[in-house]
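Under this note's numbering, the first residue of the sequence shown is numbered 926, with each subsequent residue one higher. Remarks on the structure that follows.
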Amino acid sequence: MDSSEEEDDFPSIESVTPQSKIDTIFQSKTEKGIRKLCFELLDLKDAVENLCGNTQSKYLAFLRLSDEVVEMEHELNDLRKNISAQGILVQDLLSGVHHELSEWSKANNTEKLQKDTEFDFPNESQDEKRSSLENIDLLLAEHKVEEAIEAIETEERKHPDFKTSSDSLSNEFSKRKSLIENQLVDIIFKSSSFGFTKARKRSSCT
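Listed below in structure tokens is the structure:
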């Protein structure tokens, strides 16, 4: 009994682990832990670098996009200015076209009114001219040459277009005037012939 109790209190030397082995075991575990930690840190470093690279790329892309947005805003402003200028030109063009159409419409309406007036009241002037010609014919038929001449002069003052117009009434007026001139020449010739004959008779009687 005594011997067994002593063996329990003092274990055998063979069961005791040497300190060197203990140190080796702890050193190996520590190295493994450190290596694992280093690998994890390296992985974390790569992840951080990738994240930084992606962030930088995205930031550069954002800067380029910002520049493009600014440039696009300038282009939009220029486009707005061009559209505004074109709008002013179009408005001026529309105003000019509207003015031209208004003038053209007024001119057409005036011309149409004149034509309608001429069409509605052509007979008044024409009837007056025909009446004058009939009066001249009557005076010529009655051999009232002086009165016919006065009537012609009156009509020339009232209607200057008798001399320049080429319508039928103006032609008839010209014929009457030529007829009166011929009658005047005939009267003058007859008067001179009568006077010459009478003078010859007187001279023969003496």
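Idealized CB from N, CA, C, for every residue including glycine.
E1097 and L1058: beta carbons closer than 9 Å?
If you number the sequence shown from 1, residue 1097 lands on position 172. If you number the sequence shown from 1, residue 1058 lands on position 133. A contact, by the Cβ cut-off of 9 Å.
Determine, using beta-carbon pairs with one atom in the region 1022 to 1036 and one in the region 1064 to 1077, whether at least three such pairs fall under 8 Å.
Verdict: no, contact absent.
According to DSSP, simplified to helix, strand and coil, what is K970?
Here residue 970 is taken as the residue at index 45 of the sequence shown, counted from 1. In this structure, K970 counts as helix in the three-state DSSP scheme.
Assign K983 to one of two classes, buried (16 or more other C-beta atoms within 10 Å of its C-beta) or exposed (fewer than that).
The count along the sequence shown starts at 1 and reaches residue 983 at position 58. Exposed, because fewer than 16 other Cβ atoms sit within 10 Å of the Cβ of K983.
Out of K1069, F1114, L1065, which one is the CA nearest neighbour of K1100?
Along the sequence shown, one-based indexing puts residue 1100 at 175. Comparing alpha-carbon positions, the option among K1069, F1114, L1065 lying closest to K1100 turns out to be L1065.
Output the distance between the C-alpha atoms of T980 and L967, rounded to the nearest integer angstrom.
Start at 1 with the first residue of the sequence shown, and residue 980 comes out as number 55. Start at 1 with the first residue of the sequence shown, and residue 967 comes out as number 42. Near 19 Å, if we compare the C-alpha coordinates of L967 and T980.
Taking 9 Å as the threshold (C-beta atoms), are V1070 and L1026 in contact?
If you number the sequence shown from 1, residue 1026 lands on position 101. If you number the sequence shown from 1, residue 1070 lands on position 145. For L1026 and V1070, no; Cβs fall outside 9 Å.
Do I1113 and I1061 have their C-beta atoms closer together than 9 Å?
Stepping through the sequence shown from its first residue, residue 1113 is reached at position 188. Stepping through the sequence shown from its first residue, residue 1061 is reached at position 136. No. Outside cutoff.
Hey, out of K970, E965, E1081, L988, whose CA is closest to E1053's CA?
As a position in the sequence shown, residue 1053 is number 128, starting the count at 1. Nearest option by C-alpha distance: E1081.
Give the DSSP-derived three-state secondary structure of E996 in the structure shown.
Against the sequence shown, residue 996 aligns to sequence position 71. If DSSP states are grouped into helix, strand and coil, E996 belongs with the helices.
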